[in-house]
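**Q** Below you'll find the structure I mean.
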Amino acid sequence: MGILEVKNVNKRFGGLQALGDVNLSVAENTVHAIIGPNGAGKSTLLNVLVGKLVPDTGSVLFDGQSVLGRKPYEINQMGISRVFQTPEIFGDLSVIENMMIPIFAKRDGAFRMHAFENADNEKGIIEQAEQMLESLNLADQRNMHSAAMSRGNKRRLEIGMCLAQEPRLLLLDEPTAGMARADTNNTIDLLKQISDERDITIAIIEHDMHVVFSLAERITVLAQGTPLVEDTPDNIKGHPKVREAYLGESA
Amino acid sequence: MLGLNKQDTTLFLIVVALTALAPFILNPFPTESAMAQFNAGYPDLMQRFVIFGIFAIGFNILFGLTGYLSFGHAAFLGVGSYAAVWMFKLFSYNVFPAIFLSVVIAGLFSLLIGYISLRRSGIYFSILTLAFAQMSFALAYSVLSNPKFNLTNGETGLQVYTDDLQMFHGDHLPDLPHIFGLLTMRDNFVLTVGGWDFNFNVGYYFCALIMLLAFYFSVRIFRSPFGTMLRAVKSNQTRMYYTGLNARPYTLAAFVISGMYAGLAGGLMAAVDPLAGAERMQWTASGEVVLMTILGGAGTLIGPILGAGFIKYFENIFSKINDTVLHSWFSFLPDGMEDFMVAIVHPFIGKGWHLTLGLLFMMVVIFLPGGLVEGGQRIMRLFRGKKAAKEADEATQSTPAE
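So the protein sequences, as listed, match chains A and B. According to my numbering, the first sequence is numbered sequentially starting from 1. According to my numbering, the second sequence is numbered sequentially starting from 1001.
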């Protein structure tokens, strides 16, 4: 039994069957990639996992508990963090403040009103945030306005913010989309380091095969809303069904 | 000092000094001089400065921090005023219970309106708050003032009559709002120095003291983890929800706090003048506090106070200038020219002061998007030179709220 169990999930948008009988099992402490051509239902599946969409039928269990019907922040508090396609960070806040917020969320839960304490006196939180920045090589940008960071560094910060919550499952939605080669390689290295050093499960949706094959231990191929095959990267590479899905029947 | 960092302490002390010395600062011209009409150091106007200062400080906690633009905050101001006058009518003219009730009632009222309005964000939130405020206005103006159940006394406005209950009112107590019978809000001491008359008014200093407290609490909120969360709401709600935080209670808390500030301001308005009218709830009054906050600098600490002072000064001073005054100003010109100048300036004064305010507001928004505070910072930089300017730039970068 994996940490994430998706069973018979269906989702329709009008006449479009976005997800049809999706079954997926992600084993604990692995890197699991979900690939597929455009329109295969990858993003819909991800949105179901984080509570943004509710499927028509089926079940999604995280660590034995159903995530369906829960709000995104509740699912996050269960231990699932999400990294977005375009980095979602607090652009108006400084880098260190960005890093402090998930640590506050971990300590205080979904809402807690510390209206008369001074944020500068939260030494424990600041220290943790600084350590995290240090490990991401962002310590020199501590006081910068986070909107002014480079794309690659915004991505690092976002991944760091997710890690600061110590999630058990990290979901990444095309984390290297629109990145320069050097930034892509940096991100791959960072994710490798994370999966080596931590007890964490990573599920990644990605178009870039270079990223997928450098990271993934298991790969699920999705086509037209249904999982085609699930296997190790080596077996996926030469799989005829995969070639067909990506390149069309004539290939 | 008092849990504030060095920079904030300096700012706080400046505000303390300005409010304490306001009777002097706002009265720069001798009473008999032609410029005396530009003096703002009379009790009524000084009280308005600080009361609307409180209103704008509170509004800034919502708008400046979370970015939620409420167009209905005057409703809480009005509710606060009604609550205070009812306290005068039923119990006594003591201002403390009255103000206490104003804050509580406004807090409950804003909890209700906020709970519903905050289901939407952006323009829809603004429209919802506007709708609620206009409903409150209609209720106060007509619905709740029928002979069977007269809560607001409609058009006339709620006021204290001699046959009111006033349970704790005694013969030894003054017949106007007072502080435990020791001082009344209208007690005024005039210090005459040379040609100058300086007014020291109990009502003003009472409101000023409360404004300083309100300002202090707002600084604490800005610098607290709660304040950081509110800025996070403004910055990126998606990230907030996917970081395990529920933005709704944060925004609701900010809404209620700012509603209580508005109620406090409303209560003080009733305390200095025991009367509450429905027009206090009208949408123009809600719009005014938005203007004050933006004009002064939304999201800055001192901006709302400056904005409130600026607008109230224009409202009271410019609206008083009439054609006779203009003629005396331009009397040095030949007759034709004099009339010409008066005709040009005429639309901008008296009842036309809104036109002047509108132009100034446009100029501030276009050239100083950060409001008067940004203007002040630019001037400071000019004085300090380029090196200091660079440092200031970095400082503002690390503390975007300033």
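Ideal Cβ positions, reconstructed from N, Cα and C, are used throughout, including at glycine. Just so we're clear, the structure is a prediction, and the values are computed from it rather than from any experiment.
Which first and last residues belong to the beta strand (DSSP E) in which A:L190 is found?
**A** Premise fails: A:L190 lies in the alpha helix (DSSP H), R181 to E197, not in any beta strand (DSSP E).
**Q** Is the CB of B:R1120 under 9 Å away from at least one CB in chain A?
**A** No, B:R1120 does not count as interfacial toward chain A.
**Q** Go to A:V50, then tell me how far its alpha helix (DSSP H) extends in each direction, as first and last residue.
**A** Element bounds for A:V50: n/a, residue is neither H nor E.
**Q** Would B:F1314 and B:L1357 qualify as a contact pair, given that the criterion is a beta-carbon distance under 9 Å?
**A** Contact flag set, yes.
**Q** So what does A:D231 bridge to, in DSSP terms?
**A** A:I219, per the DSSP bridge assignment.
**Q** Does B:R1220 get closer than 9 Å to chain A when you measure Cβ to Cβ?
**A** Chain A, which has a Cβ nearer than 9 Å to the Cβ of B:R1220, makes this yes.
**Q** For B:A1262, decide whether its Cβ has a neighbour in chain A, counting only Cβ atoms nearer than 9 Å.
**A** So, not an interface residue.
**Q** Closer than 9 Å by beta-carbon distance: list the chain A residues that pair up with B:N1039, in chain order.
**A** Within chain A, no residue comes near B:N1039; the closest Cβ sits about 39 Å away, beyond 9 Å.
**Q** Please determine, among A:N29, A:N38, A:E88 and A:N47, the residue with the shortest C-alpha to C-alpha distance to A:E197.
**A** The shortest C-alpha separation from A:E197 is found at A:N29.
**Q** Pull up the distance between the alpha-carbon of B:A1401 and that of B:N1246, whole angstroms please.
**A** Below a pLDDT of 50, predicted positions are generally treated as unreliable, and B:A1401, at 42, falls in that range; the measurement from the model is reported next regardless. Each residue's Cα considered, the two are about 22 Å apart.
**Q** When we look at the beta-carbon of B:Y1124 and count the other beta-carbons within 10 Å, is it buried (16 or more) or exposed?
**A** Exposed, since its Cβ has fewer than 16 Cβ neighbours within 10 Å.
**Q** Which of the three DSSP states, helix, strand or coil, is assigned to A:R12?
**A** Here A:R12 sits in strand by DSSP.
**Q** Does DSSP put B:A1060 in a helix, a strand or coil?
**A** As written in the sequence, residue 1060 of chain B is Asn, which differs from the Ala given in the question. DSSP places B:N1060 in helix when its eight states are reduced to three.
**Q** Return yes when the Cβ of A:I96 is within less than 9 Å of the Cβ of A:R142, no when it is not.
**A** Against a cut-off of 9 Å, the Cβ pair of A:I96 and A:R142 comes out as a contact.
**Q** What in chain B is Cβ-close to A:P175, meaning under 8 Å?
**A** Residues of chain B passing the Cβ test: none, with the nearest at roughly 14 Å.
**Q** Considering Cα atoms alone, identify which of A:V83, A:A27 and A:L45 is closest to A:T176.
**A** The option with the nearest alpha carbon to A:T176 is A:V83.
**Q** Buried or exposed: B:G1244, going by 16 or more other Cβ atoms within 10 Å of its Cβ?
**A** Buried, by the Cβ-count rule.
**Q** Just to confirm before moving on: does the CB-CB distance between B:P1304 and B:L1191 stay below 9 Å?
**A** The answer is no: Cβ separation not under 9 Å.
**Q** Would B:E1402 count as contacting chain A if we go by Cβ distances under 9 Å?
**A** Model confidence at B:E1402 stands at a pLDDT of 38, short of 50, so the residue's coordinates are unreliable and nothing is read from them.
**Q** Taking the alpha-carbon positions, what's the B:Y1068 to A:M78 distance?
**A** Approximately 29 Å, taken between the alpha carbons.
**Q** Under the three-state reduction of DSSP, which class applies to A:N76: helix, strand or coil?
**A** Here A:N76 sits in helix by DSSP.
**Q** For the stretch 1292-1317 of chain B, list every residue whose C-beta sits within 7 Å of some C-beta in chain A, in sequence order.
**A** Residues passing the 7 Å Cβ filter: none.
**Q** Using the Cβ count rule (16 or more neighbours within 10 Å means buried), how would you classify A:S150?
**A** The residue in question, A:S150, is exposed, as its Cβ has fewer than 16 Cβ neighbours within 10 Å.
**Q** So B:M1185 and B:P1177 are in contact, right, with Cβ under 8 Å, and what is the actual spacing, rounded?
**A** That pair is a contact at about 5 Å.
**Q** State yes or no: is the beta carbon of B:K1006 nearer than 9 Å to at least one beta carbon in chain A?
**A** So, not an interface residue.
**Q** Kindly indicate which three-state DSSP category B:T1399 falls into: helix, strand or coil?
**A** Summary for B:T1399: the model assigns pLDDT 44, below 50, so the residue's position carries little reliability, and this model does not support an answer.
**Q** Just the C-alpha distance for B:T1324 and B:A1308, rounded to the nearest angstrom, thanks.
**A** Approximately 28 Å, taken between the alpha carbons.
**Q** Between A:F62 and chain B, is any beta-carbon pair separated by less than 9 Å?
**A** Cβ-Cβ to chain B under 9 Å: no for A:F62.
**Q** Going along the chain, which residues of the stretch 1229-1262 of chain B sit with their C-beta nearer than 9 Å to a C-beta in chain A?
**A** Listed by position, the residues of the stretch 1229-1262 of chain B near chain A (Cβ gap below 9 Å) are M1229, R1231, A1232, K1234, S1235, N1236, T1238, R1239, M1240, Y1241, Y1242, T1243, G1244, L1245, N1246, A1247, R1248, P1249, Y1250, A1253 and I1257.
**Q** To be precise: take each residue of the stretch 94-107 of chain A, compare its Cβ to all Cβ atoms of chain B, and keep it if any distance is under 9 Å. Which residues remain?
**A** So the list reads S94, I96, E97, N98, M100, I101, P102, F104, A105 and K106, given in the order they occur along the chain.
**Q** Start and end of the alpha helix (DSSP H) containing B:V1256?
**A** It spans A1247 to V1272 - the alpha helix (DSSP H) in which B:V1256 sits, taken as one unbroken run.
**Q** Check each candidate in B:I1025, B:Y1141 and B:D1175 and name the one with the smallest Cα separation from B:V1095.
**A** Comparing Cα positions, the closest option is B:D1175.
**Q** Alpha carbon to alpha carbon, what distance is there between B:L1065 and B:G1227?
**A** So the alpha carbons of these two residues sit roughly 7 Å apart.
**Q** Please tell me whether B:S1398 has its Cβ less than 9 Å away from any Cβ of chain A.
**A** Per-residue confidence for B:S1398 stands at a pLDDT of 44, beneath the threshold of 50, marking its modelled position as unreliable; the derived number appears in the next sentence. For B:S1398, the answer is yes, since a Cβ of chain A falls inside 9 Å of its Cβ.
**Q** Verify whether the separation of the beta carbon atoms of B:I1294 and B:G1371 is less than 9 Å.
**A** Yes; because the gap between Cβ atoms is below 9 Å, this pair is in contact.
**Q** Along chain B, in chain order, which residues have C-beta atoms closer than 7 Å to that of A:G91?
**A** Under the 7 Å cutoff, chain B gives S1235 and N1236.
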